[in-house]
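Chemist: Order-wise, the sequence lines are chains Y and D. The first sequence begins at 91 in our numbering and counts up by one. The second sequence begins at 4 in our numbering and counts up by one. Submitted below is the structure of interest, expressed as C-alpha cells.
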Amino acid sequence: MSWSHWLLQVLQVALALATAPLLVGWVNQCRAWLQNRSAPSALQPYRVIRKLFHKDAVIAANASPLFRLAPYVVFGTMVAAAAMVPTVGTGMPFTTAADAIALVGLFATARMFISLAAMDIGTAFGTLGARREMMIGFLAEPALLMVIFVASLISATTALPAIAAQLVTQSAGLYPSLWFTAVAFTMVLLAENARIPVDNPATHLELTMIHEALLLEYSARHLALMEWAAALKLFNYVTIGIALFVPWGIAAEEGAFALLVSVPAFAAKLLLAGAGIAFIETVSAKLRVFRAPEFLATAFLFAVLGLLVHLLLTG
Amino acid sequence: MVAHVWFEQASPLAGAPGVAALEVDADSWSRVALDVAATAGRLVAFWAEARPAGGSWLRATYAAEPGVLVASLALPPGDREYHGLHEVFPAAARMQRAVADLSGPEARGGDRRGWLRHAAWPTGFLPLVDAGEPAPPAAAVTDNYPFVRVTGDGVHEIAVGPVHAGIIEPGHFRFSVVGEKVLRLEERLGYVHKGIERRLAGRLLGDGHRLAARVSGDSAVAFSWAYCQALEGIAGTALPPRAAWLRALALELERLANHLGDLGALGNDAGFAFGLAQFSRLKESLLRLTERVFTQRYLMDFVVPGGVAVDAAAGAEAAIDGFMATLAAEVMRLRQVYDEHAGLRDRFSGAGLVTPDLARRLGLTGLAGRASGQAFDLRIDLPCHPYDELRPVKAAASEGDVEARVAVRFDEVAESCRLVRDIIARLPEGPHRVEPACPPEGAMGIGLIEGWRGPVLVSLTAGPDGTVRRCHPHDPSWHNWPVLEHAVVDNIVPDFPLINKSFNLSYSGHDL
C-alpha cells in the first residue's frame, strides 16, 4: 500500500462528507421540479446543518448519556462506512480491515443506537418510531446481505472496492443475476433511507413518521449530526449501488489521469441516481405501515432470484 | 306519536325556511326527542340561553320530516338539572357538557366531566350567565382530565397534541393501542375556546356578522350568511334578489376552495405530494379569482345584513365562467389520477370506515354523513333562495371510508362548478344591498346554511336598542368529532392523520 492509496482513501471519505448533503439537496430539488413546485436551492441542507450547529441544544431532563452519545456514534459509523465504499477509485487500504458484511453490521449499529436513543426519553413517538425502524431494519438487512452475496459470488471477494474493480472489467450483460439484485437493492435503499413509499422524509404528521419520529427529541448540534449522518447514509447507499451495478469509469489504477475520468463519471451517476429516487418518490404514494414487510419481502425475493440465476448460469 | 304532530303545534320561526319553534314542558322534552328519533330525525344543535326572568332556556333543534323544530324547555331559577338527550342522540353528550361549562344546567345521567372549561376560569363561574370577569387564579392550575383507561396485555397509550408537529389547530388525541392497532381514541378539545358567544352578546346586531364569520375561518360565508339570515328574518328585511344570488356564489366558491384544499391535503397525507401541488395550484387560482371578483381572497366580511358588501366586479362573469370550465376539466383529470393510482387507492379504501348504520345512530352530518349514506343537504332538503331555483344535485355515497369521502368531495366540486356557472348565467340585476330594519327586542331567529362541512346554524335573539341578547353559532363539527373516535377504531395508528383529514373538522368552530 503506497501513500497514494492512503491519500485516495482520505480523499474519498472527505468527498463523501462534503457531497452527501448536496445529494439530499439534489433529490429534494428534483422532487420539487417533478411536482411543479419551485425548488429550494440544492445547498439548502448545508444551510440547515450550519444553522443547527449554531443553535443551543435542548435536551430532555431525563435523557441518559446514551441519548447524547448516539449522534456521535451514528455519525461516526456513517463516516466509517464511507471509508469502505469506493466512490471515485478502488484503491482503498481501509477495506482490508472491513468488508461489505462489516458494512451491513455498521448500518445495524447505527440503527441500534438511533433506536435506543429514541426510546431513551420515553415519549410515545420515539418508541413508536424505534419499533417501526427495527421492523424495517430486520427485513431490509437480509435483502441487503443477499444482494452483496450475489456480487461476492461473481467476484469471489466481499470487499466492495475489489468487487467494483472486478466488475468494471466485465460488461453487465454477462450478469443477469445483477439485474435482479439491482431491483432488490433499489427497494432496500428506499426503505433504509426513509424514502417514499416506506417512509416520508417531508412529513409533518407525527403519527406516520418512522425516521423523523426517531429524531423528534434532538435539537441543535445533535440534530445536525443526525441529519448529516442521514445524508451520509443515503450517499453510502447510492455509492454502494453504483459500485455494484454501474462501476464503469471508476479509477481502478493509480494516477491523476484516472481520476480525471472517474470524478465526472461518479458525479454524473450520483445526479442520475438522485433524479431516479426523486422520480420514484413522486409517482408513489406512501405504503400502509403493514405493507412495508411485503415490500421488503419482495426485495428479498428479487435478491434470491438473482442468486438462483447466478447459480443456474454459472452451473 | 310521530314528529309531525309536534310540528303542528309549533309556530313558525323567523330566518331559515321551514323552522318552527315549540315550547315544551319537562315531560314533552324527552318525548319530542324520542319521536324525532323514531321518524329518522336528527339533532341539529343544542344550547342554553339565560331567561330574562331568571333560570334558563334549553333549546334543542331537530331536523325531521317536515322541517326543523326548535324545542325549548324552560328551566326555573335554582333548577340545574334536566333530562339529557344523549341517550337518544349521542351527539348531544358534548353539547350538554359545554352547556354545563358555559351556562350551568346539567344533564341528568350525563358525562359530568368538563368539556370547554380547561381550568381557565374558576369552577362555578358561568361565562354566559355571570357578569364581570372571574378572579384570575393565584397559581397556575393543572387541568386533570380523567381519560378513560383501557387496560390489558400490551395496551399502551399514545398522547398526541395539543401541540402538533405541523402547524394545525390544537386538539388532544389519546390513543389506546396494541402495537399499531387502535383500540380506542378519546378526544379532548376546547383548547381554542375564545369566548365567542359571550363576545357576541351585547354587540350591535348590525356588527355581529363580522364575528360570526370568524367562528371558523374556513366557513366564513356559511356562518355570516346564517347570522344574516337569522337577523333579516327577525327584522323582516327582504333580501334583494341579486344579493341572495351573490351569497350563493360566494358560498359555492368557499365550498370549492375548501374541497380543493382537502383533496390536495388528502393526497399529501398519503405521501402523494403531486396531488398537493396540483390542487394547491387550482385552489390558489380560485382564491385569486375570488379576490378579483369580490376584492377578498377569503370572504370574511362579504355577507352583511341586508345583502353583500360588494357587488361582483364589472366583467367578472366571463372570467368566472371561463375559470369554472377549466377547473371542472382539470379536476376531472386529477380525479382520474387519484382513481387510477394503486398506492392511493390502497391507502384510501377501507380506511376510517363509518357504516351507514353507525353514521345514522351517531348522527354523522354534512359531507362526511353524505359519504356514509346520510344523504342530507340543506341546499336540497330545505332550500333557501336561490337554491330553490338552482336545484343542486346531492352527492352521495354509502361506503363510509376515506375513499367515499374523497369521492363525495370530487362530486361536489363538479357540482359546485356547475352551480357557479349557473348562478353567473342567471344573476338578477338590481341592488346588492339594502339597509336592514331594527328587530324588536326579544325576537328570535334561526339561520341555517349548508356550509362545505355541513349544516351551519346560527340562533340569534335580539336585545334592547339593536343589540344582540344571545347568539349561538353551531358548527357541524360538534356532531362529527365524536364519530371520528369510532372511525379510527381497528385502524392502525399511522392511518389516523389520513382519516382525520378526510373529515377535516373544525377546532375553532367547535371550541367557540
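All C-beta atoms, glycine included, are put in the ideal place defined by N, C-alpha and C.
#1: Does Y/M299 have its Cβ less than 9 Å from a Cβ in chain D?
#2: Which residue wins for smallest C-alpha separation from D/P434, given the options D/F277, D/A315, D/R284, D/A24?
#3: Candidates Y/Y265, Y/F390, Y/I340, Y/R381: which alpha carbon is nearest Y/V399's?
#4: Does the count of Cβ pairs from the stretch 346-359 of chain D and the stretch 400-415 of chain D closer than 8 Å reach three?
#5: Could you tell me which chain Y residues have their CB closer than 8 Å to the CB of D/D314, listed as they occur along the chain?
#6: Along the stretch 387-409 of chain D, where does the CB come closer than 7 Å to a CB of chain Y? Name the residues.
#7: Do three or more CB pairs link the stretch 415-430 of chain D to the stretch 289-299 of chain D at distances below 8 Å?
#8: Report buried or exposed for D/S375, applying the criterion of at least 16 other Cβ atoms within 10 angstroms of its Cβ.
#9: Can you list, in chain order, the residues of its chain with a C-beta nearer than 7 Å to that of D/F150? Leave out the 5 residues immediately preceding and following it.
#10: Mind checking if Y/W278 is an interface residue toward chain D, Cβ cutoff 9 Å exclusive?
#11: Which residues of the stretch 329-352 of chain D have a Cβ closer than 8 Å to any Cβ of chain Y? Give them in chain order.
#12: In whole angstroms, what separates the C-alpha of D/P140 from that of D/P389?
#13: Taking the straight line between their C-alpha atoms, what separation do you get for D/A96 and D/W118?
#14: By the criterion of Cβ-Cβ separation under 7 Å, what are the contact partners of Y/V379 in chain D?
#15: To be precise: take each residue of the stretch 167-179 of chain D, compare its Cβ to all Cβ atoms of chain Y, and keep it if any distance is under 7 Å. Which residues remain?
#16: In the DSSP assignment, what residue or residues form a beta bridge with D/G448?
#17: In the DSSP assignment, find the unbroken beta strand (DSSP E) run with D/W50 in it and report its ends.
#18: I'd like to know whether the C-beta of D/V151 is nearer than 9 Å to at least one C-beta of chain Y.
#19: Can you find a C-beta in chain D that's less than 9 Å from the C-beta of Y/A230?
#20: Roughly how many whole angstroms lie between the Cα atoms of D/G448 and D/L129?
#21: Tell me whether D/I170 is buried or exposed, calling it buried when 16 or more other Cβ atoms sit within 10 Å of its Cβ.
#22: Any idea if Y/W93 is buried or exposed, counting beta-carbon neighbours within 10 angstroms, 16 or more meaning buried?
#23: Look at the alpha carbon of D/G309 and the alpha carbon of Y/P111, and state the distance between them as a whole number of angstroms.
#24: Name, please, each residue of chain Y whose Cβ falls closer than 8 Å to the Cβ of D/V91.
#25: Which same chain residues end up closer than 6 Å to D/R338 when comparing Cβ atoms and leaving out the 5 residues on each side of it in sequence?
#26: Pull up the distance between the alpha-carbon of D/D324 and that of D/L385, whole angstroms please.
#27: Using the three-state DSSP reduction, which class does D/G135 fall into: helix, strand or coil?
#28: Quick one: is D/A142 buried, meaning 16 or more other Cβ sit within 10 Å of its Cβ, or exposed?
#29: According to the neighbour-count rule (16 or more other Cβ atoms, all chains shown, within 10 Å of its Cβ), is D/S505 buried or exposed?
#30: State yes or no: is the C-beta of D/A215 within less than 9 Å of the C-beta of D/A229?
#31: Spatial neighbours of D/A398 within its chain, please: CB distance less than 6 Å, with the 5 preceding and 5 following residues excluded, ordered by chain position.
#32: Just curious, the alpha helix (DSSP H) that Y/Y162 is in, first and last residue?
#33: Please give the ranges of any alpha helix (DSSP H) in the stretch 323-377 of chain D, keeping only runs that are unbroken, at least 4 residues long and fully inside the region.
#34: Restricting to runs no shorter than 3 residues, where is the beta strand (DSSP E) found entirely within the stretch 59-104 of chain D?
#35: Kindly indicate which three-state DSSP category Y/F369 falls into: helix, strand or coil?
#36: Please tell me whether Y/F215 has its Cβ less than 9 Å away from any Cβ of chain D.
Modeler: So, to answer that:
#1: Residue mapping note: residue 299 of chain Y aligns to position 209 of the first sequence, counting from 1. Yes, Y/M299 counts as interfacial toward chain D.
#2: Looking up residue 434 of chain D in the second sequence gives position 431. Minimum Cα distance to D/P434 is reached at D/A315.
#3: To locate residue 399 of chain Y, count along the first sequence from 1; it is residue 309. It is Y/Y265 whose Cα lies nearest to the Cα of Y/V399.
#4: Contact between the stretch 346-359 of chain D and the stretch 400-415 of chain D is present, because at least three Cβ pairs lie under 8 Å.
#5: Taking the second sequence and counting its residues from 1, the one referred to as residue 314 of chain D is at position 311. The contacting residues do not exist; D/D314 stays about 35 Å from chain Y at best.
#6: Residues: none.
#7: Taking one beta carbon from each stretch, the stretch 415-430 of chain D and the stretch 289-299 of chain D have fewer than 3 pairs nearer than 8 Å; the two do not touch.
#8: For the purposes of this step, residue 375 of chain D is identified with residue 372 of the second sequence, where counting begins at 1. By the 10 Å Cβ count, D/S375 comes out buried.
#9: Mapped onto the second sequence, residue 150 of chain D falls at position 147. Same-chain partners within the cutoff: R177, E189.
#10: Here residue 278 of chain Y refers to the residue found at position 188 of the first sequence. For clarity, residue 278 of chain Y is Val in the given sequence; the question names Trp instead. Nearest CB-CB separation between Y/V278 and chain D: not below the 9 Å threshold.
#11: Under the 8 Å Cβ criterion, the stretch 329-352 of chain D contributes H344, G346, L347, D349, R350.
#12: Against the second sequence, residue 140 of chain D aligns to sequence position 137. Against the second sequence, residue 389 of chain D aligns to sequence position 386. C-alpha separation (whole angstroms): 51 Å.
#13: As a working mapping, residue 96 of chain D is identified with position 93 in the second sequence. As a working mapping, residue 118 of chain D is identified with position 115 in the second sequence. In this structure, the straight-line span from the alpha carbon of D/A96 to that of D/W118 is close to 10 Å.
#14: Mapped onto the first sequence, residue 379 of chain Y falls at position 289. Under the 7 Å cutoff, chain D gives E183, I495, P497.
#15: Hits within the stretch, in order: H167, A168, G169.
#16: As a first step, residue 448 of chain D is located in the second sequence; it is residue number 445 there, counting from the start. Answer is D/A17, D/L463.
#17: By one-based count along the second sequence, residue 50 of chain D stands at place 47. If you look at D/W50, you'll find it in the beta strand (DSSP E) that goes 45-53.
#18: Numbered from its first residue, the second sequence carries residue 151 of chain D at position 148. Taking Cβ atoms only, chain Y never reaches closer than 9 Å to D/V151, which makes this a no.
#19: For this step, residue 230 of chain Y is matched to residue 140 along the first sequence. No, because no Cβ of chain D sits closer than 9 Å to the Cβ of Y/A230.
#20: Counted from its first residue, the second sequence places residue 448 of chain D at position 445. Counted from its first residue, the second sequence places residue 129 of chain D at position 126. Cα to Cα, D/G448 sits roughly 24 Å from D/L129.
#21: For the purposes of this step, residue 170 of chain D is identified with residue 167 of the second sequence, where counting begins at 1. Burial call: exposed.
#22: Working through the first sequence from its first residue, we reach residue 93 of chain Y at position 3. Its Cβ having fewer than 16 others within 10 Å, Y/W93 is exposed.
#23: Sequence index remark: in the second sequence, residue 309 of chain D carries index 306 (1-based). Sequence index remark: in the first sequence, residue 111 of chain Y carries index 21 (1-based). Take the alpha-carbon of D/G309 and the one of Y/P111: they are about 60 Å apart.
#24: Reading the second sequence from its first residue, position 88 is the one you call residue 91 of chain D. Neighbours of D/V91 on chain Y: none; closest Cβ ~34 Å, over 8 Å.
#25: Here residue 338 of chain D is taken as the residue at index 335 of the second sequence, counted from 1. Contacts found: F413.
#26: Stepping through the second sequence from its first residue, residue 324 of chain D is reached at position 321. Stepping through the second sequence from its first residue, residue 385 of chain D is reached at position 382. The alpha-carbon atoms of D/D324 and D/L385 are separated by roughly 27 Å.
#27: If you number the second sequence from 1, residue 135 of chain D lands on position 132. D/G135: coil per DSSP, three-state reduction.
#28: In the second sequence, residue 142 of chain D corresponds to position 139, counting from 1. Looking at its Cβ environment, which holds fewer than 16 other Cβ atoms inside 10 Å, D/A142 is exposed.
#29: The sequence position of residue 505 of chain D within the second sequence is 502, counting from 1. Counting other Cβ atoms within 10 Å of its Cβ, D/S505 reaches 16 or more and is therefore classed as buried.
#30: Sequence index remark: in the second sequence, residue 215 of chain D carries index 212 (1-based). Sequence index remark: in the second sequence, residue 229 of chain D carries index 226 (1-based). A contact, by the Cβ cut-off of 9 Å.
#31: Position 395 of the second sequence, counted from the first residue, corresponds to residue 398 of chain D. Cβ neighbours of D/A398 beyond the five flanking positions: R373, V411, D414, E415.
#32: Working through the first sequence from its first residue, we reach residue 162 of chain Y at position 72. Y/Y162: member of the alpha helix (DSSP H) spanning 155-172, first to last residue.
#33: Segments of the alpha helix (DSSP H) lying fully in the stretch 323-377 of chain D: 345-351, 359-365, 369-373.
#34: Runs found: 59-67, 70-78, 84-86.
#35: What you label residue 369 of chain Y is simply residue 279 of the first sequence in a count that begins at 1. Here Y/F369 sits in helix by DSSP.
#36: Counting from 1 along the first sequence, the entry for residue 215 of chain Y is found at position 125. At a cut-off of 9 Å between beta carbons, Y/F215 contacts chain D.
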